[in-house]
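**Student:**
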Amino acid sequence: MGGGTAGWMTAAALSNKFKALGFDLTLIESDQIGTVGVGEATLPHIRYFNQALGIDEPEFMKLTEATFKLGIEFRNWGKVGDHYIHPFGDYGLPADDLDFHQLWLKQHQNGGAGRLSDYSYPIIAAEQGRFRLPGENPNEIGSNFGYAYQFDAGLYAKFLRRYSEHRGVKRIEGRIVDTTLDAETGDIECVKLDDGQTVDADLFIDCSGFRGLLIEKTLKTGYDDWSEWLPCNRAVAVPCESRGPLLPYTRATARTAGWQWRIPLQHRTGNGHVYWSDHISDDEATHQLMSSLEGPALAEPKQLFFKTGRRKKFWNRNVVSIGLSAGFLEPLESTSIHLIQEGITTLIELFPHRSINTLDVEEYNERMGLNFERVRDFLLLHYVATQREDSSMWRHFRDLKLPDSLQEKIDAWMHRGYVIKYEFGVFLPPSWVAVMLGQNLQPRGHDPRIDRFDMRELRQKLDTIRDETALQASRTPMQADFLKQHGGASSTPLATATQT
Ligand SMILES: Cc1cc2nc3c(=O)[nH]c(=O)nc-3n(C[C@H](O)[C@H](O)[C@H](O)COP(=O)(O)OP(=O)(O)OC[C@H]3O[C@@H](n4cnc5c(N)ncnc54)[C@H](O)[C@@H]3O)c2cc1C
-7 MGGGTAGWMT AAALSNKFKA LGFDLTLIES DQIGTVGVGE ATLPHIRYFN QALGIDEPEF
53 MKLTEATFKL GIEFRNWGKV GDHYIHPFGD YGLPADDLDF HQLWLKQHQN GGAGRLSDYS
113 YPIIAAEQGR FRLPGENPNE IGSNFGYAYQ FDAGLYAKFL RRYSEHRGVK RIEGRIVDTT
173 LDAETGDIEC VKLDDGQTVD ADLFIDCSGF RGLLIEKTLK TGYDDWSEWL PCNRAVAVPC
233 ESRGPLLPYT RATARTAGWQ WRIPLQHRTG NGHVYWSDHI SDDEATHQLM SSLEGPALAE
293 PKQLFFKTGR RKKFWNRNVV SIGLSAGFLE PLESTSIHLI QEGITTLIEL FPHRSINTLD
353 VEEYNERMGL NFERVRDFLL LHYVATQRED SSMWRHFRDL KLPDSLQEKI DAWMHRGYVI
413 KYEFGVFLPP SWVAVMLGQN LQPRGHDPRI DRFDMRELRQ KLDTIRDETA LQASRTPMQA
473 DFLKQHGGAS STPLATATQT
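Our numbering puts the sequence shown at residues -7 to 492.
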């Protein structure tokens, strides 16, 4: 149900995994309703999704006008004027059993170690507009990082549609207007389209977007509203012509009542302003966005409305919700497409054999619940690890009661720079370190095991890593040049984008 990013990612993955088993897969989408039309920035995990489908990276880059992404730059989050990049990868190199940030922390607490960012290859390369694939040797600077993509979501859906139809997925164009429930079980028996056609199935995957057509409108599953923590509830989005070098990162600039994204693609730049409507009018939010575009707008600004939170059950009866129908968390860390991927891979692992097993459903709901909660905590961290008090929105976060899970994470960090780890949840400790230090949460202590290094030895280690990082970054090609060999779309004048 639905042919947005969620629908076609699901169709592609299921056709790849299950077609040989003789399953019939049908995707219904309505051209008249269309898709949400945003969702261009991703996390590194999407590479594994594409690889599992056997997708050729340069071809994918070319056909989706994609760019590479080494992280996200946050501007004005800790304080107005601050900026840092949350990189996809570890800082420095670990020393035996110790995380690198502990080395930096001790040096920092004893007279300064410069920016933590200077010990991150993906950050330095990103700041200079450079990109290459990770090196082979995991113990070398320039190898222990990941990367993601920034792509045109409409082109990605088209790309996956071709892939899926080639593997036998049947596509029906039409609007679903009604559903029939099995009188005995309460499961969905079939859906009815506006042309009178009915489609029945054993399992329905609801990728109908914010509407949640089956999971909510039909099954009334319920929604956990997380607005008390993540109150931004609207966005306005617009693409514009690109200017300047092709940067390999997404930017999120904090504003007085929300934040603004900038996503550079090969053929254009995506922009949007996510805001809390209690603190700014729609007109003012649109004005702020339109007056800060780097080039002429390529379309009219589009407004979107949402409520952050999650479906009470992601899988209910014979309906699994994937994508916006499952829940929504604002795109500050590009997590929605990742949660789609997580939903698909978990569903494949627990895919019903002949009938639906309640234990599998519970496991699915538990795992997806943890994934959503942990993303929520990570996003909220950006709003509360701040010294900003310059607007009513920022003052709101000053006294907010945090979820216990986030409060514990911050407390453990402040004590001695320790990041509590868990099995499920997309963001690993280096991501938490990036945001906590990037937004000026300086721990009071450090890991005592660091004290086995004397200060001179520590300084030397750090200097070597910083110098090697700078050297490796300086040898990295500009992204625009790299793309020419690795997926540049022919429509794009990449040559004009190489100068920094
Ligand atoms: C402002 C904003 C910015 C975002 N930015 C990012 C980002 O940078 N990175 C990221 O990972 N995610 C982002 N997202 C989320 C991302 O856009 C979505 O996760 C992704 O596009 C998937 O959407 P979807 O497929 O669930 O829904 P949609 O794109 O809305 O697709 C729904 C589909 O269901 C069909 N449909 C609906 N009703 C019917 C019906 N009655 N009959 C037949 N068909 C029907 C529609 O036609 C459509 O094909 C953003 C979201 C918003 C709101």
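Built from N, CA and C at the ideal position, the CB exists for glycine as well.
Bear in mind the structure is a predicted one, so any value in this text is a computation, not a measurement.
Report the three-state DSSP secondary structure of A105 (helix, strand or coil).
**Tutor:** Taking the first residue of the sequence shown as position 1, residue 105 is located at position 113. Residue state, collapsed to three classes: coil.
**Student:** Classify D382: buried if its beta carbon has 16 or more other beta carbons within 10 angstroms, exposed otherwise.
**Tutor:** As a working note, residue 382 is residue 390 in the sequence shown. D382 comes out exposed.
**Student:** Return the CA-CA distance between H158 and G14, expressed in angstroms with no decimal places.
**Tutor:** The residue labelled residue 158 in the question sits at position 166 within the sequence shown. The residue labelled residue 14 in the question sits at position 22 within the sequence shown. Going by the C-alpha atoms only, they are around 15 angstroms apart.
**Student:** Do you know offhand how far A318's Cα is from E449's?
**Tutor:** On the sequence shown, residue 318 is found 326 positions in, with the first residue counted as 1. On the sequence shown, residue 449 is found 457 positions in, with the first residue counted as 1. The straight-line gap from Cα to Cα measures roughly 51 angstroms.
**Student:** Provide the residue(s) that pair with N308 in DSSP beta bridges, ordered along the chain.
**Tutor:** Locating residue 308 in the sequence shown gives position 316, counting from the first residue. DSSP lists V311 as partners of N308.
**Student:** Does the beta carbon of F92 fall short of 7 angstroms from some heavy atom of ligand 1?
**Tutor:** Residue 92 sits at position 100 when you count from the first residue of the sequence shown. Incorrect: F92 has no Cβ contact closer than 7 angstroms to ligand 1.
**Student:** Residues in the same chain with beta-carbon distance under 7 angstroms from Q491, minus the five sequence neighbours each way, listed in chain order, please.
**Tutor:** Position 499 of the sequence shown, counted from the start, is the residue given in the question as residue 491. Here the model assigns Q491 a pLDDT of 34, short of 50, so the residue's position is not dependable, and the following value carries that caveat. Excluding positions up to five away in sequence, the list reads P237.
**Student:** For Y495, report the span of its alpha helix (DSSP H) as first-last.
**Tutor:** Residue 495 is absent from the model: the chain starts at -7 and stops at 492.
**Student:** CB of E32 to nearest heavy atom of ligand 1: below 7 angstroms?
**Tutor:** Looking up residue 32 in the sequence shown gives position 40. Flag set: Cβ of E32 near ligand 1.
**Student:** Which residues does DSSP list as the beta-bridge partners of P240?
**Tutor:** Here residue 240 refers to the residue found at position 248 of the sequence shown. Paired residue(s): none; P240 is not in a bridge.
**Student:** So the alpha helix (DSSP H) Q399 belongs to, where does it begin and stop?
**Tutor:** Counted from its first residue, the sequence shown places residue 399 at position 407. Counting along the chain, the alpha helix (DSSP H) containing Q399 begins and ends at 396 to 408.
**Student:** Would a check of beta-carbon distances place K304 closer than 8 angstroms to chain C?
**Tutor:** Structure shown: chain C not included; a single protein chain is present.
**Student:** Output the distance between the C-alpha atoms of A5 and E208, rounded to the nearest integer angstrom.
**Tutor:** Counting from 1 along the sequence shown, the entry for residue 5 is found at position 13. Counting from 1 along the sequence shown, the entry for residue 208 is found at position 216. Each residue's Cα considered, the two are about 24 angstroms apart.
**Student:** Are the region 53 to 67 and the region 350 to 361 in contact at 8 angstroms, needing three or more beta carbon pairs?
**Tutor:** Short answer: they don't touch.
**Student:** On the DSSP bridge assignment, give the partners of D216 in chain order.
**Tutor:** Position 224 of the sequence shown, counting from 1, holds the residue named residue 216. D216 pairs with R302.
**Student:** Taking Cβ to Cβ, would you say F92 is nearer than 8 angstroms to H78?
**Tutor:** Within the sequence shown, residue 92 is the residue found at index 100, counting from 1. Within the sequence shown, residue 78 is the residue found at index 86, counting from 1. It is not a contact, given that the beta carbons lie outside the stated cut-off.
**Student:** Measuring only from the beta carbon, is Q62 closer than 7 angstroms to any heavy atom that is part of ligand 1?
**Tutor:** The residue labelled residue 62 in the question sits at position 70 within the sequence shown. Here the sequence assigns Leu to residue 62, which means Gln is not the residue at that position. Incorrect: L62 has no Cβ contact closer than 7 angstroms to ligand 1.
**Student:** Counting C-beta neighbours from all protein chains within 10 Å, is the total for S326 16 or more, i.e. buried, or is it exposed?
**Tutor:** Counted from its first residue, the sequence shown places residue 326 at position 334. Under this definition S326 is a buried residue.
**Student:** Between which two residues does the alpha helix (DSSP H) harbouring R451 extend?
**Tutor:** Here the question's residue 451 lines up with position 459 in the sequence shown. Where R451 is concerned, the enclosing alpha helix (DSSP H) stretches over 447 to 466.
**Student:** Using alpha carbons as the reference points, say which of F52, G106, I38 lies closest to I455.
**Tutor:** Start at 1 with the first residue of the sequence shown, and residue 455 comes out as number 463. Here the sequence assigns Asp to residue 455, which means Ile is not the residue at that position. When each option's Cα is compared against that of D455, the closest is G106.
**Student:** Measuring from the CB of A229, is there a heavy atom of ligand 1 at a distance below 7 angstroms?
**Tutor:** By one-based count along the sequence shown, residue 229 stands at place 237. Result yes, Cβ under 7 angstroms from ligand 1.
**Student:** Grouping DSSP H, G and I as helix and E and B as strand, with all else coil, what is D89?
**Tutor:** The residue you call residue 89 lines up with position 97 of the sequence shown. Coil, per DSSP.
**Student:** Kindly confirm or deny that the region 103 to 122 and the region 463 to 478 touch, where touching means at least three C-beta pairs closer than 8 angstroms.
**Tutor:** Yes, since at least three Cβ pairs between the region 103 to 122 and the region 463 to 478 fall closer than 8 angstroms, the two stretches touch.
**Student:** Measuring CB atoms only, is the region 433 to 447 touching the region 414 to 422, in the sense that at least three cross pairs come out at less than 8 angstroms?
**Tutor:** The region 433 to 447 vs the region 414 to 422: no contact.
**Student:** In the structure shown, what three-state DSSP assignment does I412 receive?
**Tutor:** The sequence position of residue 412 within the sequence shown is 420, counting from 1. Coil.
**Student:** In chain order, what residues of the same chain lie with their CB nearer than 7 angstroms to the CB of F80, ignoring the 5 residues before and after it?
**Tutor:** For this step, residue 80 is matched to residue 88 along the sequence shown. P36, L62, G63, P114, F137, G138, Y139, A140.
**Student:** Around the C-beta of Y40, are 16 or more other C-beta atoms found within 10 angstroms, so that it is buried, or is it exposed?
**Tutor:** Reading the sequence shown from its first residue, position 48 is the one you call residue 40. Its Cβ having fewer than 16 others within 10 Å, Y40 is exposed.
**Student:** Let's test the definition: count the other Cβ atoms within 10 Å of the Cβ of A489 and tell me whether it reaches 16, buried, or not, exposed.
**Tutor:** Translated into positions along the sequence shown, residue 489 becomes position 497. Only weak support exists for where A489 lies, its pLDDT of 39 falling under 50; the value from the coordinates is given anyway. Counting Cβ neighbours within 10 Å, A489 comes out buried, since at least 16 surround it.
**Student:** Got a sec, what are the start and stop residues for the beta strand (DSSP E) Q142 sits in?
**Tutor:** Here residue 142 is taken as the residue at index 150 of the sequence shown, counted from 1. That run of the beta strand (DSSP E) goes 140 to 142.
**Student:** Among A87, I133, D74, A(-2), which residue has its Cα nearest to the Cα of G204?
**Tutor:** Mapped onto the sequence shown, residue 204 falls at position 212. Ranking the options by Cα distance to G204, first place goes to A(-2).
**Student:** Taking the straight line between their C-alpha atoms, what separation do you get for L373 and A426?
**Tutor:** Position 381 of the sequence shown holds residue 373. Position 434 of the sequence shown holds residue 426. Taking the straight line joining both Cα atoms gives about 11 angstroms.
**Student:** How many Å lie between M385 and V72 at the Cα?
**Tutor:** Position 393 of the sequence shown, counting from 1, holds the residue named residue 385. Position 80 of the sequence shown, counting from 1, holds the residue named residue 72. So the two alpha carbons sit approximately 14 angstroms from each other.
**Student:** With DSSP as the reference, please indicate the residues paired to N263 in a beta bridge.
**Tutor:** Locating residue 263 in the sequence shown gives position 271, where the first residue counts as 1. Answer by DSSP bridge pairing, in chain order: V230, R254.
**Student:** I'd like the span of the beta strand (DSSP E) that includes T350, first residue to last.
**Tutor:** The residue you call residue 350 lines up with position 358 of the sequence shown. Looking at the DSSP string, T350 is not in any beta strand (DSSP E); the run it does join, the alpha helix (DSSP H), is 350 to 376.
**Student:** Report the rounded CA-to-CA distance for I340 versus L239, giving the unit in angstroms.
**Tutor:** Position 348 of the sequence shown, counting from 1, holds the residue named residue 340. Position 247 of the sequence shown, counting from 1, holds the residue named residue 239. The straight-line gap from Cα to Cα measures roughly 35 angstroms.
**Student:** Any heavy atom of ligand 1 within a distance shorter than 7 angstroms of the CB on S219?
**Tutor:** Here residue 219 refers to the residue found at position 227 when the sequence shown is read from its first residue. No, Cβ of S219 sits at least 7 angstroms from all heavy atoms of ligand 1.
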